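Following my numbering, the numbering of the sequence shown begins with 323 at its first residue and continues without gaps. The C-beta atom is built at its ideal place from N, Cα and C for all residues, glycine as well. Given the structure is predicted, the values throughout are model-derived calculations rather than measurements. The structure under discussion appears below in the form of structure tokens.
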Amino acid sequence: MTKQISSAIHTLIEIAIKESNQAAEALGNANKLLKESEKNLNMLLDYRNDYTNQLAQNSQKGLFAQSYQNFQGFLAKLNQAITGQQAVVETCRQKVADQRKYWQECERKKLSYGVLVTQAETRAHRAELKKDQKLMDEHALRQSMKKTHSR
């Protein structure tokens, strides 16, 4: 393999490694955001459950109409917040899936360049062996011819 091609492939490998590392970092960040958004969603769900339980307990004790309306209004807003947070979680999940796919593509590219280098090195090694074998055959032929002529 010529030095120029070797240098080009090694440059491509370095770029692919850099891209793969950046993709891995982006995937890690996307996973972190997903975990945070899921944590926020769970917090809202827990809060709604607690608030619903509190409403049920207060209803058994007796509740003024205004207090009941306030509870219902707050629950409606809480449900809207939960719906919004569920959308955020879904967006984060999609981002994680997209980032994972991109990282895998980067890894495949990096590995394919490695395979190209290995194949080129194997071809160069075989060519070197073939060249050495040819030189040894020529040397053996000359030696054989010297023996034949010296008799």
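Assigned secondary structure, residue i (DSSP; H/G/I helix, E/B strand, else coil)
i    : result
F386 : coil
Cβ-Cβ separation, residue j to residue i (assumed contact under 8 angstroms), whole Å
i    : j    : result
C428 : A338 : 7 angstroms
L356 : V437 : Going by Cβ atoms, the distance from L356 to V437 rounds to 33 angstroms, so no, they are not a contact pair.
L363 : V411 : 5 angstroms
Q421 : L349 : 4 angstroms
Y435 : I335 : 5 angstroms
task: Would you mind listing the beta strand (DSSP E) stretches within the region 335 to 373 that are 3+ residues and don't spill past its ends, in chain order?
output: Fully enclosed beta strand (DSSP E) runs of no fewer than 3 residues are not present anywhere in the region 335 to 373.
message: When you compare the region 329 to 344 with the region 384 to 397, are there three or more beta-carbon pairs, one atom per stretch, that lie closer than 8 angstroms?
response: Counting Cβ pairs under 8 angstroms, fewer than three are found: no touch.
task: Would you check if there are 3 or more beta carbon pairs closer than 8 angstroms linking the region 430 to 444 to the region 335 to 354?
output: Taking a cut-off of 8 angstroms on C-beta distances, the region 430 to 444 touches the region 335 to 354, as three or more cross pairs fall below it.
message: I want to know whether the region 394 to 406 touches the region 448 to 461 - three or more CB-CB distances under 8 angstroms.
response: Flag = no, the region 394 to 406 and the region 448 to 461 do not touch.
message: So within the region 440 to 469, which uninterrupted alpha helix (DSSP H) runs reach at least 4 residues, ignoring any that extend past its ends?
response: None, since the region 440 to 469 contains no complete alpha helix (DSSP H) of that length.
task: Please go through the region 379 to 438 and give each complete beta strand (DSSP E) segment of 3 or more residues, from N-terminal end onward.
output: Qualifying beta strand (DSSP E) stretches: none in this window.
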